[in-house]
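Sequential numbering from 1043 applies to the sequence shown in the numbering used here.
Note that CB positions come from ideal geometry on N, CA and C, so glycine has one too.
Scroll down for the structure; my scribbles are underneath it.
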Amino acid sequence: MPPLTCSAKGCRADAVWALEWNNPRLHTPERRKTWLACDEHRGSLSEFLAARGFLRDVRPVSETSEAP
Ligand SMILES: [Zn+2]
């Protein structure tokens, strides 16, 4: 399994968090997309998703088996 890195643009840090989101206009309700985030970017990435009503869950990356 390749190392998981943060999804923030230009960030090479190891991902610690998995942000699970869903865009109701594009995805069926049970579908989950995953963004990975380091500690530093967890806040900004989750705010971005939450502001659009897309954020569904934030979990430690060790608890999710789903690759983005
Ligand atoms: Zn980052």
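GLU1082 has its CB nearer than 8 Å to a heavy atom of ligand 1. From the listed residues LEU1061, LYS1075, PRO1066, GLU1082, the smallest Cα separation to ALA1055 is found for GLU1082. For LEU1078, there is no enclosing alpha helix (DSSP H); the residue is part of the beta strand (DSSP E) that begins and ends at 1075 to 1079.
For ARG1074, the closest C-alpha among the options LEU1046, PRO1045, VAL1100, SER1104 is that of VAL1100.
Annotation for ALA1079 indicates a beta carbon within 8 Å of some heavy atom of ligand 1.
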